[in-house]
Amino acid sequence: MQINQENAVDSTGVDVALNAAVNSLERRIDLSLPLAAIDQDVAQRLKHLARTVKMPGFRPGKVPFKMVTQQYGRDARSEAIGAAIEKSFGEKVREQKLRVVGYPRFEPKTGEGAADPLMLEFCAVFEVYPEVVLGDITGCEIEKPALTVTEAEVDQTLEVLRKQRVTYVAAPRPAASGDRVVIDFFGRRNGELFPGGEGHDFEIILGAGKMLADFEAAVTGLSSGAGKTFDLTFPADYQAPDLAGQTVQFEVTVKSVESSQLPDLDAEFAKSLGVADGDLAKMRDEVRANLEREVKKRLQERIKSQVMDALLAVNPLTVPKAMVDQESRQMAEAALRDMESRGMSVKNVPVEPSWFTEQAKRRTSLGIIVAELVKEKALAAKPEQVRALIDDFAATYEDPAEVVRWYYSQPERLAEAEGLVMENNVVDWVLGNARIKEKQLSFDELMGSGK
Amino acid sequence: MSNFNQERLLQVLRAPQISEKATYVADKNEQVVFIVSSDATKPEVKAAVELLFKVAVKSVQISVLKGKAKRFGRFMGRRNDVKKAFVCLMPGQEINFAEGGGV
Numbered sequence: 001m002q003i004n005q006e007n008a009v010d011s012t013g014v015d016v017a018l019n020a021a022v023n024s025l026e027r028r029i030d031l032s033l034p035l036a037a038i039d040q041d042v043a044q045r046l047k048h049l050a051r052t053v054k055m056p057g058f059r060p061g062k063v064p065f066k067m068v069t070q071q072y073g074r075d076a077r078s079e080a081i082g083a084a085i086e087k088s089f090g091e092k093v094r095e096q097k098l099r100v101v102g103y104p105r106f107e108p109k110t111g112e113g114a115a116d117p118l119m120l121e122f123c124a125v126f127e128v129y130p131e132v133v134l135g136d137i138t139g140c141e142i143e144k145p146a147l148t149v150t151e152a153e154v155d156q157t158l159e160v161l162r163k164q165r166v167t168y169v170a171a172p173r174p175a176a177s178g179d180r181v182v183i184d185f186f187g188r189r190n191g192e193l194f195p196g197g198e199g200h201d202f203e204i205i206l207g208a209g210k211m212l213a214d215f216e217a218a219v220t221g222l223s224s225g226a227g228k229t230f231d232l233t234f235p236a237d238y239q240a241p242d243l244a245g246q247t248v249q250f251e252v253t254v255k256s257v258e259s260s261q262l263p264d265l266d267a268e269f270a271k272s273l274g275v276a277d278g279d280l281a282k283m284r285d286e287v288r289a290n291l292e293r294e295v296k297k298r299l300q301e302r303i304k305s306q307v308m309d310a311l312l313a314v315n316p317l318t319v320p321k322a323m324v325d326q327e328s329r330q331m332a333e334a335a336l337r338d339m340e341s342r343g344m345s346v347k348n349v350p351v352e353p354s355w356f357t358e359q360a361k362r363r364t365s366l367g368i369i370v371a372e373l374v375k376e377k378a379l380a381a382k383p384e385q386v387r388a389l390i391d392d393f394a395a396t397y398e399d400p401a402e403v404v405r406w407y408y409s410q411p412e413r414l415a416e417a418e419g420l421v422m423e424n425n426v427v428d429w430v431l432g433n434a435r436i437k438e439k440q441l442s443f444d445e446l447m448g449s450g451k
Numbered sequence: 452m453s454n455f456n457q458e459r460l461l462q463v464l465r466a467p468q469i470s471e472k473a474t475y476v477a478d479k480n481e482q483v484v485f486i487v488s489s490d491a492t493k494p495e496v497k498a499a500v501e502l503l504f505k506v507a508v509k510s511v512q513i514s515v516l517k518g519k520a521k522r523f524g525r526f527m528g529r530r531n532d533v534k535k536a537f538v539c540l541m542p543g544q545e546i547n548f549a550e551g552g553g554v
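One line per chain: the protein sequences are A and B, in this order.
For the record, in the first sequence the residue sitting at position 340 is 340 according to my numbering, with numbers rising by one throughout.
For the record, in the second sequence the residue sitting at position 90 is 541 according to my numbering, with numbers rising by one throughout.
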């Protein structure tokens, strides 16, 4: 196992050997410390302690040394050993220029290596920060989606908004598709009412597909006040197994038929959307502005995720397990907090950090790559960029100055903005270096994917 | 080795007195200080220490610490007196409280 062993006795008399990796990032260092030095350290610590220690029956500092040793000797010893280990480990790490990730695990050494009674021997197992060699991004292809908001999209959105505000008005005519009917119904199987087969003042919107198509078809054409009795065969894959495939008789009475009415595109409608003076042109502008913002955001998201994928692809990396563990633990905690804030009881929900391992791996490796990239290409956020971003955010609020102040008042918020700017810088850099394929997207494609 | 009732002897010693003064006299005179029951006598203490710690006792000195007078509102009260025994061991003898023993 000892491939790269080097034995060196440095100035502190610490004997260190470095062993080669077990996995590609794990390192193992053998350390041994002379016990005499530790004993000396223990004595010194106790002496220091004896000056201040308090015990009943004694004035502070007058406790006999023997008693101090008895009570605190063990603690002092473990502290001394811990400090000695830390020190020799730190020295060795600096000497070898290793970047340690997480906290090293110390194992006392047993077996044939631990023969010397005057030495304390153990080995430290730890992981090192992976070395990042930035791959060549120019070979990657990034699809840059594009979409301009046209009048057609504005119309489409307005149509959706109208449908959300549909109203129903009683209509003295036979029910047609799109109408809302209120019915009473009784379902009988072999002359017997079956459970769930009865309903009063039941609202159906014809053509919405919530009821069985045959049922809707039977109701269509009935006017208010009319009744009808008809046979209905449930489909074989109906959700209630005892009814599936059965034929039953329904008796339906229509109480009212209401036709749907979409609100007109008028000043009233504009007002309901928040345009105070009801100006239609203004309303269109507003809808368009909102759409453009949304589209821009989604396009950017798409590009960003592609860029990150590309970065991952060209920079294969082994991530230290300690970092992944930490990240997944954090994610699990965040998930728990999220559930709690939504009012779920967290106690019975076992959230295993291991569920997040894959995600955490991706995140940490991206973090490492991006950090390296930022360092190498000087992509760190510049103050004026951050300022621009915050101003941009603030513009959508009523009082931009207030928002800007809010951001600058707390370092965390500012750091968040800086992170965003840095990400944007990285994206820009990648876009500037990778091959780019423009692609026209349709509105539905873009909006559908974001959901 | 003594003509005291053993049950009685087991009740004589209450606790070792560990204090600055106790360690001081221990160093100086090879004495060990105990809190003993308030009706204990010197021969009883000597027998009890010899029984429990298996050491040879040279002599015993006894003092009674008077309890403090305390007032609770209008009423005067008095804490119990405590009897303290300074047990002088034969040269070379030692009682180690940390390793077993104790009362």
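The C-beta atom is built at its ideal place from N, Cα and C for all residues, glycine as well.
Annotation: Cβ neighbours of Ile469 of chain B in chain A (cutoff 7 Å, chain order): Gly57. Nearest to Asn290 of chain A by alpha-carbon distance, out of A:Ala395, A:Ser32, A:Phe269 and A:Gln249, is A:Ala395. Remark: three or more beta-carbon pairs, one from each stretch, lie closer than 8 Å, so the region 423–436 of chain A and the region 368–375 of chain A are flagged as touching.
Under DSSP, Asp231 of chain A shares a beta bridge with A:Gln249. Taking a Cβ-Cβ cut-off of 7 Å, the neighbours of Thr474 of chain B in chain A comprise Pro64, given in sequence order.
Phe234 of chain A and Ala244 of chain A do touch by the CB rule: their CB atoms are close to 6 Å apart, below 8 Å. One Cα belongs to Glu153 of chain A, the other to Leu420 of chain A, and the distance between them is close to 29 Å.
Using a Cβ distance threshold of 8 Å, Val101 of chain A and Met323 of chain A count as a contacting pair.
The shortest C-alpha to C-alpha distance from Ala36 of chain A to any of A:Ala310, A:Ala80 and A:Arg284 is the one to A:Ala80. In the structure shown, Ile469 of chain B adopts coil according to DSSP, grouped into three states. Rounded to the nearest whole angstrom, the CA to CA distance from Gly73 of chain A to Leu46 of chain A is 7 Å. In terms of CA proximity to Val538 of chain B, B:Ala499 leads the group B:Arg522, B:Arg525, B:Ala499 and B:Asn531. Buried is the label assigned to Thr364 of chain A, since at least 16 other Cβ atoms lie within 10 Å of its Cβ. At a Cβ-Cβ threshold of 8 Å, Ile513 of chain B and Lys534 of chain B count as neighbours. Straight through space, the alpha carbons of Ile85 of chain A and Ile368 of chain A are spaced by roughly 29 Å. The DSSP-derived three-state label of Tyr475 of chain B is helix.
The beta carbon of Lys493 of chain B is closer than 7 Å to those of Val511 and Ile513 in its chain, skipping five residues each way along the sequence. Of the candidates B:Glu501, B:Ala520, B:Val515 and B:Gly528, B:Glu501 places its Cα closest to the Cα of Asn454 of chain B. Counting of Cβ neighbours within 10 angstroms places Asp201 of chain A among the exposed residues, the total staying below 16.
For the region 297–346 of chain A, the continuous alpha helix (DSSP H) assignments of 4+ residues that do not extend past its boundaries occur at 321–341, in sequence order.
In the pairwise beta carbon analysis, the region 210–218 of chain A is classified as not touching the region 145–163 of chain A: fewer than three pairs are separated by under 8 Å.
In this structure the region 214–225 of chain A touches the region 165–184 of chain A; the number of beta carbon pairs closer than 8 Å is three or more. Counting other Cβ atoms within 10 Å of its Cβ, Arg530 of chain B stays below 16 and is therefore classed as exposed. Under the three-state reduction of DSSP, Leu161 of chain A is assigned to helix. Counting along the chain, the unbroken beta strand (DSSP E) around Met527 of chain B starts and ends at Phe526 to Arg529. Apart from sequence neighbours up to five positions away, the residues of its chain that approach Phe186 of chain A with a beta-carbon distance below 6 Å are Glu198 and Glu251, ordered along the chain. Burial of Ala270 of chain A is indicated by the presence of at least 16 other C-beta atoms within 10 angstroms of its C-beta.
Between the alpha carbons of Met55 of chain A and Asn456 of chain B lies a distance of about 36 Å. Straight across, the Cα-Cα distance linking Phe485 of chain B with Lys517 of chain B is about 16 Å. With respect to the C-alpha of Arg99 of chain A, the residue from A:Val219, A:Trp355, A:Gln326 and A:Glu26 having the closest C-alpha is A:Glu26.
In the DSSP assignment, Met119 of chain A is bridged to A:Pro34. Annotated three-state conformation of Tyr103 of chain A is strand, per DSSP. Under the rule that a run must span 4 or more residues, the alpha helix (DSSP H) segments found entirely inside the region 37–111 of chain A read 65–96.
Pairing Val483 of chain B with Thr52 of chain A, the inter-Cα distance amounts to about 26 Å.
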